[in-house]
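So the structure is just underneath, and the comments pick up after that.
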Amino acid sequence: MKVLIDNWSTYWHGFLATLWLTLVSAALALVLGVLVASCRVSPVRPLRVFGTAWVTLLRNTPLTLLFFVVVLGLPRFGITLPFFTFAVLALGCYTSAFVCEVLRSGVNTVPAGQGEAARSLGLSFGQTLGLVVLPQAYRSVVAPLGSVMIALAKNTAIAGSFSVAELLGSYRTINELGYGIVWTFVWIAVGYLVITLAISALFNGLERRVAVSR
Numbered sequence: 001m002k003v004l005i006d007n008w009s010t011y012w013h014g015f016l017a018t019l020w021l022t023l024v025s026a027a028l029a030l031v032l033g034v035l036v037a038s039c040r041v042s043p044v045r046p047l048r049v050f051g052t053a054w055v056t057l058l059r060n061t062p063l064t065l066l067f068f069v070v071v072l073g074l075p076r077f078g079i080t081l082p083f084f085t086f087a088v089l090a091l092g093c094y095t096s097a098f099v100c101e102v103l104r105s106g107v108n109t110v111p112a113g114q115g116e117a118a119r120s121l122g123l124s125f126g127q128t129l130g131l132v133v134l135p136q137a138y139r140s141v142v143a144p145l146g147s148v149m150i151a152l153a154k155n156t157a158i159a160g161s162f163s164v165a166e167l168l169g170s171y172r173t174i175n176e177l178g179y180g181i182v183w184t185f186v187w188i189a190v191g192y193l194v195i196t197l198a199i200s201a202l203f204n205g206l207e208r209r210v211a212v213s214r
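Terminal number for the sequence shown in UniProt numbering: 214, no gaps in between.
Right under this line is the structure:
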């Protein structure tokens, strides 16, 4: 407990930074994931090709490599942003590929007749997807979507290697003060456990709520 008490402010700052990074990256991932999933199920071939390329490229690229591309590559094109923003872009884009596939699997569970009925009523593809298909698909993807968000929270640890303040990176400051590295990492692990358990509880609650509304 001495390590935690003596370095509470350091741990707390890292915890809040990780939580904020997770929330902002998750928001970006969800927006991009919905857009890319819409492209993947679109009747327009170029959009389907774009969606497939996006998912294939990002799902098969190591996240660390993507960080290097964003942090070191974008400035070469004159795009200079705070390291936090670079981290959000890397995490959000990477996670969006997994969100897309989760949503697409949910869309595939919706009977084809639902979409056909919507189109027969004169709804456009966008209206059919947003008003008919996605609301039904959402019910079946809450649990896997929660797993993706938990993975995102743990992936934020990579951002510490790119000058972004987060929980794992706090070990450097504490270690320099002479505290035992084992207990330093134990409390860092507890911080990540709190975040992931909170995400799990949130999505479990959403899943139960959706199950009742069926």
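By construction, the Cβ of each residue, glycine as well, lies at the ideal position given by its N, Cα and C atoms.
Just so we're clear, the structure is a prediction, and the values are computed from it rather than from any experiment.
State the start and end residues of the unbroken alpha helix (DSSP H) segment that holds residue 45. 45-59
Are the region 123-135 and the region 80-99 touching by the rule of at least three beta carbon pairs closer than 8 angstroms? no
Proximity winner among 85, 53, 67, relative to residue 23 (alpha-carbon distances): 85
Measure the alpha-carbon distance for residue 39 versus residue 133 and round it to whole angstroms. 14 angstroms
If we cut at 8 angstroms on Cβ distances, does residue 74 have a partner in chain B? You won't find chain B in this structure, because it holds only one protein chain.
Quick one: measure Cβ to Cβ for residue 25 and residue 74, integer angstroms, because I've assumed they're closer than 8 angstroms. Actually they do not touch by this definition, with Cβ atoms about 16 angstroms apart.
Below 8 angstroms, can you find three or more Cβ-Cβ pairs linking the region 140-153 to the region 193-206? yes
What residue range is occupied by the uninterrupted alpha helix (DSSP H) comprising residue 162? Premise fails: residue 162 is in no alpha helix (DSSP H) and is neither H nor E.
Alpha carbon of residue 9 to alpha carbon of residue 116, nearest angstrom: 57 angstroms
With respect to the alpha helix (DSSP H) encompassing residue 122, which residues constitute its N-terminal and C-terminal limits? Where residue 122 is concerned, there is no enclosing alpha helix (DSSP H), given that its DSSP letter is neither H nor E.
Sequence-distant residues of its chain with Cβ nearer than 6 angstroms to residue 144 (five each side left out): 102
Which of helix, strand or coil DSSP assigns to residue 132: helix
In the DSSP assignment, find the alpha helix (DSSP H) that holds residue 69 and state where it starts and stops. Segment: none, residue 69 is in no alpha helix (DSSP H) and carries neither H nor E.
Assign residue 17 to one of two classes, buried (16 or more other C-beta atoms within 10 Å of its C-beta) or exposed (fewer than that). buried
Less than 6 angstroms between C-beta atoms, sequence neighbours within five positions excluded: which residues of the same chain meet that for residue 27? none
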